[in-house]
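Undergrad: I'd like to ask some things about the structure below.
Pasting the structure below:
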């Protein structure tokens with residue numbers, strides 16, 4: 004019997020480290036992240052792309068309120084990321100999001116408890132304020148009616164006390180939201196008016212792909228690039244928001260690709276899609292085996308969550324006050340050289356086989372630097388200078404994401420259009436040959452009767 008258990012254990016251990024079929028660059032992540040991605044994949048067999056994007060989104064959200072990045076002599080860059088994961092239903096999107104993002108939901112519960120306490124305190128304060136206001140109003144009213152009978156304070160002094168009291172009316176606390184799931188753009192904007200830093204995190208982003216119109220990307224663009232967004236509140240007053248946003252959208256390939264084909268032209272023109280790191284999960288459904296031992300991934304999750312909680316505790320005061328004070332990171336001289344080399348590589352690709360994603364590639368250098376900054380912050384480095392090692396790893400990660408984007412948007416490339424043209428003319432010729440009983444067709448016939456776009460205009 005012991006031999007049987009020994010054999011079972013050997014088989015289980017042999018399956019612990021599963022092959023990375025997607026080529027996802029997990030080895031380029033810092034150890035706390037790479038071990039989490041590896042063990043979650045090994046234990047759950049959920050695609051590594053889903054896990055990796057969830058981990059990157061969590062790290063981005065944890066760091067975006069604490070650091071920004073100086074890449075030039077202009078305004079410092081935000082350190083937030085936009086990620087889009089395409090995965091079929093049942094691949095584990097919801098499961099992974101709940102596991103990886105758990106500290107943020109705990110933190111939101113803590114913020115809500117604080118809000119309830121402040122709301123209770125406010126109710127008592129505002130009631131006392133109203134009572135005192137009535138007393139002051141009666142005193143002023145009496146002074147108006149009987150000015151000659153008043154002793155002590157003058158009418159002007161009593162009026163001043165009323166005005167001062169009105170100015171000191173207790174302010175009702177506002178409820179904070181950090182994570183927006185499949186929310187409307189209005190709810191997102193109203194929420195960021197209260198706290199300008201947050202995350203649009205959705206494992207089934209139906210409202211986003213079906214409900215966000217192409218002319219409403221303003222706050223989403225500002226949430227990545229920085230700057231000020233002008234917002235009109237429901238009461239008609241105007242306010243300025245400086246949003247900082249992490250976006251992690253997960254959806255089914257059919258939904259995203261339909262959106263790309265119908266709306267990607269406008270979305271790319273306004274720069275919105277160009278900000279994203281794209282990935283399409285390679286399905287593991289049908290190749291999964293039962294697993295009852297999740298001890299390795301639990302251990303790694305605990306370590307990862309502890310670091311997230313530590314980072315969140317550092318920014319609680321910023322979040323509740325909506326006033327953020329960030330440390331500015333810079334690239335070391337060697338890290339800057341790595342980024343420059345990566346930029347030259349990207350420029351070559353824009354002019355060659357990847358010209359159809361030039362908008363996406365043009366932001367690759369910035370996204371790589373942001374990933375490096377997140378790695379630096381997450382590793383608890385006390386200095387402000389990002390190492391060349393982090394920058395090199397971040398560039399390798401971006402190369403993988405760029406290849407994913409190249410495949411996803413291949414349908415917009417000249418090569419794809421050429422292939423479609425070849426197929427169209429081939430099927431036209433095949434049909435023509437069959438109709439003519441395979442008698443050769445004169446070239447002039449092709450020029451005159453082929454599909455319109457192939458006809459000669461000369």
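Numbering (the numbering used here), first residue to last: 4 to 461.
Note that the Cβ used here is the ideal one computed from N, Cα and C, for glycine as well.
1) Name the residue from 282, 63, 265, 45 whose alpha carbon lies nearest to the alpha carbon of residue 310.
2) I believe residue 330 touches residue 74 by the beta-carbon criterion, under 8 Å. Please report the beta-carbon distance rounded to the nearest angstrom.
3) Apart from the five residues just before and just after residue 377, which ones in its own chain have a Cβ nearer than 7 Å to its Cβ?
4) Flag residue 299 as yes when its Cβ comes closer than 7 Å to any non-hydrogen atom of the ligand GTP, and as no otherwise.
5) Could you check the C-alpha separation between residue 305 and residue 313 for me, to the nearest Å?
6) Just tell me which of 28, 30, 35, 27 has its CA closest to the CA of residue 299.
7) Whose C-beta lies closer than 6 Å to the C-beta of residue 448 among residues of the same chain, with five residues either side of it excluded?
8) So, are the CB atoms of residue 405 and residue 364 less than 8 Å apart?
9) Check whether the region 229-241 touches the region 94-110, counting contact only when three or more Cβ pairs, one atom from each stretch, lie closer than 8 Å.
10) In whole angstroms, what is the alpha-carbon distance linking residue 334 and residue 31?
11) Can you confirm whether the region 159-179 touches the region 136-151 when touching is taken to mean that 3 or more C-beta pairs between the two stretches lie within less than 8 Å?
12) Terminal residues of the continuous alpha helix (DSSP H) containing residue 54?
13) Could you tell me which residues DSSP pairs with residue 119 in its beta bridges?
14) Measure the Cβ-Cβ separation of residue 250 and residue 86 and say whether it is below 8 Å.
15) Mapping the DSSP letters down to three states, classify residue 233 as helix, strand or coil.
16) So residue 202 packs on residue 181, CB below 8 Å; how close in whole Å?
17) Beta carbon of residue 397, beta carbon of residue 374: below 8 Å?
18) Please state whether DSSP places residue 247 in a helix, a strand or coil.
19) Going by beta carbon distance, what residues of the same chain come within less than 7 Å of residue 54, once the five residues before and after it are set aside?
20) Unbroken beta strand (DSSP E) runs of length 3 or more, entirely within the region 157-237: which are they?
21) Starting from the C-beta of residue 114, find all residues in its chain whose C-beta is less than 6 Å away, skip the five residues before and the five after it, and write them out in chain order.
22) Leaving aside the five residues before and after residue 191 along the sequence, list all residues of the same chain whose C-beta is less than 6 Å from its C-beta, in chain order.
23) Pairs of beta-carbons, one from the region 128-138 and one from the region 167-179, closer than 8 Å: are there three or more?
24) Does the beta-carbon distance from residue 57 to residue 29 come in below 8 Å?
25) Starting from residue 42, follow the alpha helix (DSSP H) in both directions and report where the run begins and ends.
26) Starting from residue 85, follow its DSSP beta bridges and name the residues at the other end.
27) Grouping DSSP H, G and I as helix and E and B as strand, with all else coil, what is residue 389?
28) If you compare alpha carbons, which of 343, 355, 352 is closest to residue 372?
29) So residue 199 and residue 247 are supposed to be a Cβ contact under 8 Å. How far apart are they, rounded?
30) On the DSSP bridge list, what partners appear for residue 333?
31) Do the region 202-213 and the region 254-262 touch if we need at least three Cβ pairs shorter than 8 Å?
32) Look at the alpha carbon of residue 269 and the alpha carbon of residue 125, and state the distance between them as a whole number of angstroms.
33) What is the DSSP secondary structure of residue 78, counted as helix, strand or coil?
34) Just how far apart, CA to CA, sit residue 245 and residue 84?
35) Whose CA, out of 408, 339, 232, lies closest to the CA of residue 276?
36) Grab me the residues of residue 79's own chain with a C-beta within less than 7 Å of its C-beta, minus the 5 sequence neighbours each way, in chain order.
TA: Quick answer:
1) 63
2) At roughly 15 Å, the Cβ-Cβ gap does not stay under 8 Å, so residue 330 and residue 74 are not in contact.
3) 62, 63, 66, 82
4) The ligand GTP is not part of the structure shown, which contains no ligands of any sort.
5) 12 Å
6) 35
7) none
8) yes
9) no
10) 18 Å
11) yes
12) 51-66
13) DSSP output for residue 119 lists no bridge partner at all.
14) yes
15) strand
16) 6 Å
17) yes
18) strand
19) 40, 43, 44, 99
20) 200-205, 232-235
21) 179
22) 183
23) yes
24) no
25) 34-47
26) 250, 279
27) strand
28) 343
29) 6 Å
30) 73, 388
31) yes
32) Note that residue 269 scores 49 on pLDDT, short of 50, meaning its location in the model is unreliable and no value can be drawn from it.
33) coil
34) 16 Å
35) 408
36) 71, 72, 73, 331
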